[in-house]
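**Q** If you read the sequence shown in the working numbering, its first letter stands for residue 9, the second for the next number, and so on.
C-beta atoms are modelled at their ideal positions from N, C-alpha and C, and glycine is treated no differently.
Please read these numbers as outputs of a predicted model, since none were measured by experiment.
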Amino acid sequence: MKKTNETSEAGSVGLAEAPEPQAAATKAPRKPRGRPLSFDRDAALETAMHVFWERGYEAASISDLTSAMGITPPSLYTAFGDKEQLFLEAIERYALGYGSAGARALVEEPTARGAIERWLMEAANELTQPCHPKGCMVVMAATNCSAAAERVQDALLLRRTEAIANVGRRIQGGIDGGELPADTHAKDLANFYATIYQGMSMQAKDGATHESLMATVRTAMRSWPRM
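1) Taking all protein chains shown into account, do 16 or more other C-beta atoms lie within 10 angstroms of the C-beta of Gln137, making it buried, or fewer, making it exposed?
2) Pair every Cβ in the stretch 70 to 89 with every Cβ in the stretch 150 to 159, then say whether three or more of these pairs are closer than 8 Å.
3) Straight-line CA distance for Ser220 to Trp127?
4) For the alpha helix (DSSP H) that contains Gly176, what are its first and last residues?
5) Quick one: give me the first and last residue of the alpha helix (DSSP H) that Leu73 is part of.
6) Using the C-alpha atoms, what's the distance from Arg159 back to Ala32?
7) Which two residues bound the contiguous alpha helix (DSSP H) that contains Glu219?
8) Go ahead and label Cys144 buried or exposed: buried means 16 or more other beta carbons lie within 10 angstroms of its beta carbon, across all protein chains shown.
9) Could you spell out the range, first to last residue, of the alpha helix (DSSP H) harbouring Tyr205?
10) Going by beta-carbon coordinates alone, are Leu197 and Ile172 separated by less than 7 Å?
11) Under DSSP, the alpha helix (DSSP H) around Ser48 begins and ends at which residues?
12) For Glu125 and Ile79, what's the separation of their Cα atoms in angstroms?
13) Can you tell me the Cα-Cα spacing of His193 and Arg121, whole angstroms?
14) Looking at the secondary structure, which residues open and close the alpha helix (DSSP H) in which Leu96 lies?
15) Who are the near neighbours of Ala190 in its chain, counting only those whose CB is closer than 7 Å to its CB and skipping five residues on each side?
16) Compute the Euclidean distance between the alpha carbons of Pro141 and Gly186, then round it to the nearest angstrom.
17) Nearest to Met235 by alpha carbon, out of Ala98, Leu188, Leu53 and Glu97?
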């Protein structure tokens, strides 16, 4: 993998992979037919995102969602189709919003080590913010997801897989550029740091502080291959 490709392909948000523009266009929000909506769809989606983030896909009932969104079940179905479609839109919103700091880290940092370290540091900051549920939505929403929600599981798995691949490409760029030893295995190193990220998400959910997660980042970076 040439270094010139690493930044153009890096688009992960923590583990919330942001889609390419063309892909995003194919996932345009469903436009309700008939009479105009009597509520702010964007605000309702933001609220639904927080409910899913806090409770996960399975545990968030239609009653939980409509109560928080301030709408009726028929209004939810009219505006979003069903619970599954609402969740997929919520994940997209998360990836392009709260989860977007990781994408910038992978693109903006001039070195592979700096990119991965900042990616984890951004996670330590975002995962512990008091203004939203703790942890990464893409990680937490998959918790206790049953086999019946196969499409949701597949969507979350795809985002996590693509995010890890982006980290691997950034690392491979560092190998190709002589920043890391030539025998470094980019995929293995990406999996290691993705495991650190996912563990940080669970720790944040359990109440870990920003300072605690930053200590984890410092420890993890000691495993960075040396020339």
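**A** The answer reads as follows:
1) exposed
2) no
3) 16 Å
4) Glu158 to Asp184
5) Ile70 to Met77
6) Because the pLDDT at Ala32 is just 38, under 50, the model does not fix this residue reliably, and the point stays unresolved.
7) His218 to Met229
8) buried
9) Ala194 to Lys213
10) no
11) Just to set this straight, residue 48 is Asp in the shown sequence, not Ser. Neither: Asp48 is in no alpha helix (DSSP H) and is coded neither H nor E.
12) 42 Å
13) 14 Å
14) Lys91 to Leu104
15) Ile183
16) 40 Å
17) Leu188
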